[in-house]
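There are 2 protein chains.
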Amino acid sequence: MPLPDANEKPSLTFTISELADEFGITPRAIRYYEECGFLSPRRKTPTSQRVYDERDRARLKLILRGKRFGYSLAELGDILKLYEIDPTQGKQIRRTLEYGIRHIQEIDEKIEELQEIREEMLEFARSFLEILEAGKDGKSREMRDEISGARIIIDRLGES
Amino acid sequence: MPLPDANEKPSLTFTISELADEFGITPRAIRYYEECGFLSPRRKTPTSQRVYDERDRARLKLILRGKRFGYSLAELGDILKLYEIDPTQGKQIRRTLEYGIRHIQEIDEKIEELQEIREEMLEFARSFLEILEAGKDGKSREMRDEISGARIIIDRLGES
DNA sequence: ACTTACGTTTACGTTAACGTCAGTTTTATG
DNA sequence: CATAAAACTGACGTTAACGTAAACGTAAGT
Numbered sequence: 005m006p007l008p009d010a011n012e013k014p015s016l017t018f019t020i021s022e023l024a025d026e027f028g029i030t031p032r033a034i035r036y037y038e039e040c041g042f043l044s045p046r047r048k049t050p051t052s053q054r055v056y057d058e059r060d061r062a063r064l065k066l067i068l069r070g071k072r073f074g075y076s077l078a079e080l081g082d083i084l085k086l087y088e089i090d091p092t093q094g095k096q097i098r099r100t101l102e103y104g105i106r107h108i109q110e111i112d113e114k115i116e117e118l119q120e121i122r123e124e125m126l127e128f129a130r131s132f133l134e135i136l137e138a139g140k141d142g143k144s145r146e147m148r149d150e151i152s153g154a155r156i157i158i159d160r161l162g163e164s
Numbered sequence: 005m006p007l008p009d010a011n012e013k014p015s016l017t018f019t020i021s022e023l024a025d026e027f028g029i030t031p032r033a034i035r036y037y038e039e040c041g042f043l044s045p046r047r048k049t050p051t052s053q054r055v056y057d058e059r060d061r062a063r064l065k066l067i068l069r070g071k072r073f074g075y076s077l078a079e080l081g082d083i084l085k086l087y088e089i090d091p092t093q094g095k096q097i098r099r100t101l102e103y104g105i106r107h108i109q110e111i112d113e114k115i116e117e118l119q120e121i122r123e124e125m126l127e128f129a130r131s132f133l134e135i136l137e138a139g140k141d142g143k144s145r146e147m148r149d150e151i152s153g154a155r156i157i158i159d160r161l162g163e164s
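Same order as they appear, the protein sequences are chains A and B.
For the first sequence, my numbering begins at 5 and goes up steadily by one.
For the second sequence, my numbering begins at 5 and goes up steadily by one.
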C-alpha cells in the first residue's frame with residue numbers, strides 16, 4: 005500500500021493575483037511575461053488556473069528588479085537564460101560563464117556610476133545649502149531650524 | 005569706439021549631430037527632449053540651427069544617464085528641475101532640498117540592491133564553475149584552461 | 001555660384017509593455 | 001447546489017519614446 009508521501013515538498017504556491025499584489029503589478033503584466041516566454045507556471049489542465057511556485061516567483065522578482073534598472077524585457081530574456089542552463093550539458097558552458105562574468109562587470113560599472121551621481125548630487129545639495137545658510141539671518145526661526153536640520157542630514161549622507 | 009570684447013567666453017558649442025554622435029543617439033531624440041522641455045538651445049534666428057553649449061550638454065548627459073537607470077523622461081523632468089532653481093528665491097527651497105535628499109537616499113537604495121544582485125550572480129557563477137571543475141577530468145586540455153581562467157576571474161571579482 | 005552635406009519642420013509610423021474591456025469558465029464558500 | 005469571486009481567453013486600445021519620410025532652408029568647401 006503506497007502511503008501518501010509525507011516527504012512531499014511543502015513548496016508553497018501562489019495564484020496570479022497573490023503575486024500581483026505582492027509585487028504591486030497587475031495579473032495582466034504577469035500573463036504578459038508568460039507570453040514573452042519568461043514564466044511557465046504549472047496547470048492541472050491546459051485551461052485551468054496558473055499555479056506559480058517559488059521558482060516562478062524568483063524569476064518574476066528578477067524581471068521586476070531588472071526593469072527597475074532600465075533593462076528591457078528583451079534584454080532580461082538573455083539574463084534569465086543564465087538561470088536555465090543545465091551545467092552538465094557541457095556545450096555552451098563557456099559562453100554562459102563568459103556572459104555571466106561580463107554581466108557582473110556591467111553591474112560593477114553601474115555601481116560606480118551611481119556612486120559618481122551620488123557624489124554630484126551631494127555636492128549640489130551642499131552648495132545649495134551653503135547659500136541658504138549664508139542668508140539665514142533674515143529668516144524666521146522655523147526656517148533656520150529647517151536649514152540646520154538639512155545640514156545634519158546632508159553631513160550624515162556625506163560620511164558613507 | 006567699442007572694441008570687440010576680448011574677454012568673450014570661449015565656451016565651446018556643439019551642433020546637434022555632434023552631440024548625437026558623442027552620445028550614440030540620433031538628432032531626432034535630442035529634438036524630442038527639447039519638445040519635452042528638457043533642453044532649450046540657443047538660436048540666431050528662430051528658424052536657424054540649434055547651438056548647444058556646455059550646459060545643454062550636461063543636461064543631455066544627465067538625461068541619458070537617468071535613462072540607463074530606468075527613469076522615464078517624465079521622472080527625469082523632476083530631477084532636472086533641481087538643477088534649475090534659483091536658490092535666492094527663498095520659497096520652494098525647503099521642498100527642493102528635501103527632494104534632493106530623498107533622491108540621494110534612493111540612489112543609496114539602488115546601490116545596495118545592485119550589490120545584492122552582484123553577490124547573487126557571483127554565487128551563481130561560483131556554483132556553476134564548481135560543477136565544471138568537478139567534471140573536468142574527462143575534458144580536453146583546452147577546456148581545462150578555460151575553466152581555470154574563469155576561476156581566476158571569478159575569484160578576483162569576489163574580492164572587491 | 002554651385003554643390004553637397006547638414007539642419008529644420010511637419011506629420012505620420014512603429015514598437016514595447018502593458019491597460020481595458022467582454023464574454024466565458026473555474027474555484028471557493030454559504 | 002447555487003452563487004459569487006476570481007481566473008481565463010481573445011482582441012482591441014493606449015502611451016512613451018522615438019523612427020522615418022518629405023519638402024525645404026542653410027553653411028561650407030571648391
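Note that beta-carbon positions come from the ideal geometry of N, C-alpha and C, so glycine has one too.
Keep in mind that this is a model prediction, so the values were computed, not measured.
State the DSSP-derived secondary structure class of residue 56 of chain B, mapped to helix, strand or coil. Of the three classes helix, strand and coil, the one that applies to residue 56 of chain B here is strand, per DSSP.
May I ask you to report which of helix, strand or coil DSSP gives residue 3 of chain B? Beyond the ends of chain B as shown, which are 5 and 164, falls residue 3 of chain B; an answer cannot be given.
Indicate the three-state DSSP secondary structure (helix, strand or coil) for residue 73 of chain B in the structure shown. Residue 73 of chain B: coil per DSSP, three-state reduction.
Output, in chain order, the set of chain A residues within a Cβ distance shorter than 8 Å of residue 129 of chain B. Result: 101, 104, 105, 108.
Run through chain A and tell me which residues come within less than 9 Å of residue 119 of chain B, C-beta to C-beta. Among the residues of chain A, those whose CB is under 9 Å from the CB of residue 119 of chain B are 111, 115, following chain order.
So who's on the other strand from residue 30 of chain A, going by DSSP bridges? Listed as beta-bridge partners of residue 30 of chain A by DSSP are no residues whatsoever.
Residue 100 of chain A by DSSP, collapsed to three states: which one? Of the three classes helix, strand and coil, the one that applies to residue 100 of chain A here is helix, per DSSP.
Taking the DSSP output, what are the residues bridged to residue 17 of chain B? In the DSSP output, where bridge partners are listed per residue, residue 17 of chain B has B:57.
Less than 8 Å between C-beta atoms, sequence neighbours within five positions excluded: which residues of the same chain meet that for residue 50 of chain B? In its chain, beyond the 5 residues on either side, no residue has a beta carbon closer than 8 Å to the beta carbon of residue 50 of chain B.
Residues from the segment 46-71 of chain B in contact with chain A, defined by Cβ distance under 8 Å: Hits within the stretch, in order: 69, 71.
Alpha carbon of residue 123 of chain A to alpha carbon of residue 33 of chain B, nearest angstrom: Separation of residue 123 of chain A and residue 33 of chain B (C-alpha to C-alpha, rounded to the nearest whole angstrom) is 28 Å.
Could you check if residue 16 of chain B is buried or exposed, using at least 16 other CB atoms within 10 Å of its CB as the buried criterion? Label assigned to residue 16 of chain B: exposed.
Would you say residue 101 of chain A and residue 154 of chain B are within 8 Å of each other, going by their C-beta atoms? The criterion of a C-beta distance shorter than 8 Å is satisfied by residue 101 of chain A and residue 154 of chain B.
The alpha helix (DSSP H) spanning residue 159 of chain A covers which residue range? Residues 145-161.
Which same chain residues, not among the five before or five after residue 40 of chain A, have their C-beta less than 6 Å away from its C-beta? Only 77 meet the Cβ criterion.
Given that residue 150 of chain A touches chain B, what residues does it touch there, using C-beta distances under 7 Å? Those are 98, listed as they occur along chain B.
Does any residue of chain B bring its CB to less than 8 Å from the CB of residue 77 of chain A? No - not a single Cβ of chain B is within 8 Å of the one on residue 77 of chain A.
At a Cβ threshold of 8 Å, is residue 74 of chain B touching chain A? It does: the Cβ of residue 74 of chain B has a partner Cβ on chain A nearer than 8 Å.
DSSP-derived helix/strand/coil call for residue 141 of chain A: DSSP places residue 141 of chain A in the helix class (H, G or I) of the three-state scheme.
Which bits of chain A does residue 158 of chain B rub up against, with CB to CB less than 8 Å? Residues of chain A passing the Cβ test: 105.
If you draw a straight line from the C-alpha of residue 119 of chain B to the C-alpha of residue 74 of chain A, how long is it? Cα to Cα, residue 119 of chain B sits roughly 16 Å from residue 74 of chain A.
Within 10 angstroms of the Cβ of residue 59 of chain A, are there 16 or more other Cβ atoms? Answer buried if so, exposed if not. With fewer than 16 other Cβ atoms within 10 Å, it is exposed.
Can you find a C-beta in chain A that's less than 8 Å from the C-beta of residue 33 of chain B? Not a single CB atom of chain A sits nearer than 8 Å to the CB of residue 33 of chain B.
Of the listed residues A:142, A:29, A:144, nearest to residue 65 of chain A (C-alpha basis): With distances taken between Cα atoms, residue 65 of chain A lies closest to A:29.
What is the DSSP secondary structure of residue 88 of chain A, reduced to helix, strand or coil? In the structure shown, residue 88 of chain A sits in coil (DSSP, three-state: anything other than H, G, I, E or B).
For a quick check, are the C-beta atoms of residue 84 of chain A and residue 42 of chain A less than 8 Å apart? A contact, by the Cβ cut-off of 8 Å.
For chain B, find out if any of its Cβ atoms is closer than 8 Å to the Cβ of residue 126 of chain A; answer yes or no. Closer than 8 Å to some Cβ of chain B, the Cβ of residue 126 of chain A qualifies, so yes.
Along chain A, in chain order, which residues have C-beta atoms closer than 9 Å to that of residue 122 of chain B? The contacting residues are 108, 111, 112, 115.
Would you report the Cα separation of residue 152 of chain A and residue 129 of chain B, rounded to the nearest angstrom? C-alpha separation (whole angstroms): 48 Å.
Please compile the residues from chain B whose C-beta is within a distance smaller than 7 Å of the C-beta of residue 27 of chain A. Chain B residues near residue 27 of chain A: none, gap ~15 Å exceeds 7 Å.
In chain A, which residues lie with their C-beta within 9 Å of the C-beta of residue 161 of chain B? Those within 9 Å of residue 161 of chain B in chain A are 105, 108, 109, 112.
Can you give the Cα-Cα distance for residue 115 of chain A and residue 25 of chain B, rounded to whole angstroms? When rounded, the distance between both Cα atoms is 25 Å.
Give the interface partners of residue 133 of chain A over in chain B, defined as CB-CB distance under 8 Å, in chain order. Scanning chain B for C-beta atoms nearer than 8 Å to the C-beta of residue 133 of chain A yields 101, reported in chain order.
Looking at residue 108 of chain A and residue 125 of chain B, is the spacing between their C-beta atoms short of 8 Å? Taking a C-beta distance under 8 Å as the contact criterion, residue 125 of chain B and residue 108 of chain A qualify as a contact pair.
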